Every structure is written in C-alpha cells, then in structure tokens.
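So the structure is just underneath, and the comments pick up after that.
Numbering (the working numbering), first residue to last: 5 to 159.
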C-alpha cells in the first residue's frame with residue numbers, strides 16, 4: 005500500500021498563511037533522513053504539501069510537540085495543530101483534523117507538550133495535505149523526529 009512518513013525539517017521553514025484574524029504557519033517536513041520515508045507514489049512537494057497519488061481511504065496522522073519556557077503557562081496560551089486538505093472539489097482548504105493542548109499552569113521550568121491527531125478520510129487523486137500551527141511567539145515546535153511527525157497510508 006501507499007505509505008508516507010515525514011519528520012519536521014531541521015529548519016522547519018514556516019510559510020505564513022493568513023486567514024481572517026488568525027495568522028498560522030504551515031510546517032515543512034522532510035522525507036529522506038532518519039525514520040522518514042516515502043513509498044509507492046506518495047509525493048511531498050517543496051511547498052509543504054503531501055500530494056495523494058490515487059483515490060482511496062487513507063489513515064492520516066500527525067503529532068506536533070511544542071516547547072516553551074514557563075512564561076507560556078499564563079492564559080490565554082493554547083497551542084493548536086491542524087491537518088488541512090486542498091482539493092479541486094472545494095475552493096478553500098478544508099480542516100480534516102484539529103487538536104489543541106494547553107500547558108500546565110503549575111511549573112517553573114522548561115515545558116514540552118504534544119498534541120496528536122489521526123483519522124480515516126476518503127481522498128482523491130491530487131488532493132494535498134498539510135499541517136498548520138497557529139502563530140504564537142511563546143512557543144517553538146520540536147524538530148526531533150520522535151516528537152513531531154506527519155504521515156498517511158492507503159488502507
């Protein structure tokens with residue numbers, strides 16, 4: 005079956021994306037080093053989109069690990085990650101999965117916390133997937149492949 009697994013690129017080049025009042029950033033992954041791989045027609049383009057090669061049911065998953073110093077525990081900090089789909093069937097990108105995490109408020113040190121999401125979706129040839137995180141100067145995204153990753157496979 006078609007399989008794709010990627011880790012966040014070392015530079016994790018972020019592409020600013022504007023939408024209404026919120027500003028988000030699309031994460032850029034890499035597919036050639038470490039545990040990352042790309043097989044049987046799955047394509048990951050230079051703009052940060054995973055391009056689906058054929059119609060079918062796909063299991064899509066992602067984990068994003070955020071880190072910050074203790075100052076991010078003050079409200080209203082909430083960290084979000086979204087998996088989006090672009091398709092020729094709709095004029096705007098569609099949110100497939102969205103997850104949120106809020107740091108604990110009872111810590112004095114360096115924080116690391118993760119959000120995970122997964123689901124099964126019908127996708128069509130040339131649909132594309134990407135991950136966005138909402139822009140917040142209080143956090144960074146971990147580039148470690150066991151903490152931040154993105155994948156999909158045909159069922």
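All residues carry an ideal CB built from backbone N, CA and C; glycine is no exception. All of these numbers come straight from a predicted model, not from anything done at the bench.
When 130, 116 and 71 are compared against residue 89, the one with the closest alpha-carbon: Looking at the Cα atoms, 130 is the closest of the given residues.
Residues of its chain near residue 26, where Cβ-Cβ distance is below 7 angstroms and the 5 sequence neighbours each way are ignored: Note on residue 26: pLDDT 43, under 50, position unreliable in the model; no value is reported.
Given residue 68 as reference, the closest of 86, 99, 55 and 115 once Cα atoms are compared: 86
Residues of its chain near residue 95, where Cβ-Cβ distance is below 6 angstroms and the 5 sequence neighbours each way are ignored: Closer than 6 angstroms at Cβ, skipping near neighbours: no residue.
Residue 153 burial status per 10 Å Cβ neighbour count (16 or more: buried): buried
Own chain, CB closer than 8 angstroms to residue 66, minus 5 neighbours either side, in chain order: The answer, listed in chain order, is 85, 87, 101, 120, 121, 122, 135, 153, 154 and 155.
Burial state of residue 128 (16 or more Cβ within 10 Å): exposed
From 52, 145, 103 and 64, residue whose alpha carbon lies closest to that of residue 124: 64
Alpha-carbon to alpha-carbon, residue 49 and residue 30: 13 angstroms
Bridge-paired residues (DSSP) for residue 60: 127
Distance CB(residue 143)-CB(residue 62) smaller than 8 angstroms: no
Beta-carbon separation (whole angstroms), residue 54 vs residue 146, contact threshold 8 angstroms: Contact doesn't hold; Cβ gap of about 20 angstroms is too wide.
Inter-residue spacing [alpha-carbon to alpha-carbon] between residue 93 and residue 47: 20 angstroms
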